[in-house]
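Those protein sequence lines, which keep their order, are chains A and G. So the number in this note's numbering is just where the residue sits in the first sequence, counting from 1, plus 2. So the number in this note's numbering is just where the residue sits in the second sequence, counting from 1, plus 1. In this text, a Cβ means the ideal position worked out from N, Cα and C, and glycines have one as well. What follows is one structure encoded as structure tokens, with my remarks underneath.
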Amino acid sequence: MITRLFNALGGIFVAFFQYLGEVVLLAADTFRSIFTHKLRWKLFLNQIVEIGLLSQLVVVVTGAFTGAVFAAQTFFQFNKIGMGSATGAVVSVSICRELGPVLTALMVAGRVGAAMSAEIGTMKVTEQIDALRALAVYPTDYLVVPRALAMMVSMPLLVAECIAVGIAAGYFIAIFLLDINGTYYMANMVRWTRNRDIIMGLSKAFCFGILIVFISCQKGLAAREGAVGVGRATTEAVVNSSLAVLICNFFLTMSLNIIYPAGYQ
Amino acid sequence: MLTVRDLTKTIGTQEILRGVDLDVARGETLAIIGRSGGGKSVLLKHLVGLMEPDSGEIWVEDQNIIGLSERQLGAIRQKIGILFQGAALFDSMTVAENIAFPLREAGERDPKVLREKVREMLDVVELEGQEEKMPVSLSGGMKKRVGLARSIIRRPKCVLYDEPTSGLDPVVSDSINRLIRRLQERLGMTSIVVTHDMKSAFDVANHVAYLHEGRIYFYGTPNQLQQTSNPILQDFMLGRSDGGGD
Ligand SMILES: Nc1ncnc2c1ncn2[C@@H]1O[C@H](COP(=O)(O)OP(=O)(O)O)[C@@H](O)[C@H]1O
Ligand SMILES: [Mg+2]
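The structure is reproduced here in structure tokens:
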């Protein structure tokens, strides 16, 4: 009985590390290919459009409403102790360091990660990947490299955009709806927000982009058994990338905080 | 050109190939026949390294391809074209882009050259003027022919056809068979044709191999096959189901 339990747990453990290994191998293979093989510019630019341009609406809406609601909530609390004008600083630092990168990554995982695993998964189950290989094209070069590079370029830009929109939305809510003095709001915000907060947000964005692209592409490449398999791969890609983003965010916060400490110095 | 030695492959618990031996000489056409689900497609995929066998050897022009990495296999795959059973067209590309794909990947960028080559190939497979269609809007037979055009546009030394004529009407089937023969005669291409269609096997092949229960059960010329008195082969050729020979 106990042995069976341990066997089952051990099996899950092994399967988990095997999965992790596959994602890491794909990432290693991709980076090797980036440095040693010619980039297909057309595919890369297509992916930039797909990931960067077509995510605009999602990112802007996410940023705007998060910034707005966060400014409001912060103000409600801070105003009680007479610190209403500090709202701007709180909003901008937390959007830069946490909310911007994490929420953007979650939205991108849902939109782009799902599309990647569905597209690659469909190619897998309809033998199109085999066709690529048979035509002497290495699938990693053709499918994963353009997506990975596009993601590494797009994610920091998307997060920067989300941060900017969030801060702007917070500002407008603060001065037009909450009657905070705009000058104080601005002054506090600029005083407490440092370059390192922005650098931290963008570093996180880069890492999240890498997590999402490799988790999603791996799920697509491993898809099997027809439409059901592709559906499963897509769901798992989104769930796994979202979880990975949330979990890694914690560790990134803790470790990046050593390099870029928070707070006024 | 191609030599297979004692090839075995088990997928899951199912033994699919149990020791296949096969020799294909340069410039000849070999037909592989056998029951549906007998492992013919699996065998073809092994020949270009798309699947890895459990044991055995595959020699392509004096090189054993077993154990080569995916990138090393690229060089082998330049020499061997394969037409998949389901055509496996890239569904995000038009017919013309599909056919031009191998050339584009080989570094040809001039749109005029590409267009001209694509038109030529479409002529060959009798699909003139279908350049701009998407694969989803083609019938099964048309997909097959586009796939065929894509696999021969780079003029490989050897082409593997997985059921090139199944799902085609008799007239088009015949023209595909003639095409296979023409490629052999004019360009000296080696061909392996997997087929259910006995007429097509007799039409195009120099040799016929019958894959049965994971092994090559019969190997010989089409004439030898026609004159056989072996009940299993006769059942297959005459299309009788088990126990039909009463
Ligand atoms: N990728 C695969 N995974 C699992 N089983 C497979 C796979 N490919 C083929 N098979 C099995 O191998 C057997 C032979 O298939 P196949 O080579 O397609 O037969 P055919 O001779 O009709 O071309 C079938 O029973 C099929 O179910
Ligand atoms: Mg088959």
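Put simply, the CB of G/GLU129 is far from chain A, with every gap to its CB atoms at 8 angstroms or more. At a cut-off of 7 angstroms, the beta-carbon of G/SER42 counts as near ligand 2: some heavy atom of the ligand is closer than that. Under the 8 angstroms Cβ criterion, the region 49 to 57 of chain G does not count as touching the region 120 to 139 of chain G, having fewer than three qualifying pairs.
By the neighbour-count criterion, in which 16 or more other beta carbons inside 10 Å mark a residue as buried, A/ASP199 falls on the buried side. Look at the beta carbons and you see the region 148 to 164 of chain A touching the region 42 to 52 of chain A: at least three pairs across the two are nearer than 8 angstroms. The alpha helix (DSSP H) runs of length 4 or more contained entirely in the region 140 to 215 of chain A are, from start to end of the chain, 147 to 174 and 184 to 194. Looking from the CA of G/GLY57, the closest CA among G/GLY20, G/THR30, G/GLU117 and G/GLU29 belongs to G/GLY20. A/GLN130 has its Cβ no nearer than 7 angstroms to any heavy atom of ligand 1.
In the DSSP annotation of this structure, the continuous segment of the beta strand (DSSP E) that includes G/HIS213 starts and ends at 208 to 213.
Take the alpha-carbon of A/ILE14 and the one of A/PHE8: they are about 10 angstroms apart. For G/GLN15, DSSP records a beta bridge to G/ILE12.
G/LEU180 and G/VAL119 have their alpha carbons spaced roughly 16 angstroms apart. Put simply, the CB of A/LEU45 is far from chain G, with every gap to its CB atoms at 8 angstroms or more.
Annotation: A/TYR262 is outside any alpha helix (DSSP H) and is labelled neither H nor E by DSSP. Placement of the Cβ of G/GLU164 at a distance of less than 7 angstroms from at least one heavy atom of ligand 2 is found. Counting only the Cα atoms, A/ALA66 lies some 20 angstroms from A/ASN183. For A/GLN58, the closest Cβ of chain G is not nearer than 8 angstroms.
Close to G/LEU51, with beta-carbon spacing below 8 angstroms, are these residues of chain A in chain order: ASP132, ARG135 and ALA136.
By the Cβ criterion, the region 62 to 77 of chain G is not in contact with the region 28 to 38 of chain G, since fewer than three pairs of Cβ atoms, one from each stretch, lie closer than 8 angstroms.
Under DSSP, G/ILE83 forms a beta bridge with G/LEU161. Contacts with chain A (Cβ-Cβ distance below 9 angstroms) from the region 75 to 93 of chain G involve GLY75, ALA76, ILE77, ARG78, GLN79, ILE81, GLY82, ILE83, PHE85, GLN86, GLY87, ALA88, ALA89, LEU90, PHE91, ASP92 and SER93, listed in chain order. Of all alpha-carbon atoms in A/ILE165, A/LEU56 and A/HIS39, the one lying nearest the alpha-carbon of A/VAL92 is that of A/ILE165. For G/GLN15, the distance from the CB to the nearest heavy atom of ligand 1 is below 7 angstroms. For G/GLN73, the Cβ stays outside the 7 angstroms cut-off from all heavy atoms of ligand 2. Residue environment: A/MET3 is assigned as exposed (fewer than 16 neighbouring CB atoms within 10 Å of its CB, all protein chains considered). Three or more beta-carbon pairs separated by less than 8 angstroms are not found between the region 171 to 187 of chain A and the region 205 to 212 of chain A, which leaves the two stretches without contact. With fewer than 16 neighbouring CB atoms inside 10 Å of its own CB, A/ILE261 falls in the exposed class.
At a cut-off of 8 angstroms between beta-carbon atoms, G/GLU71 makes contact with chain A. The C-alpha of G/ILE17 lies about 6 angstroms from the C-alpha of G/LYS10.
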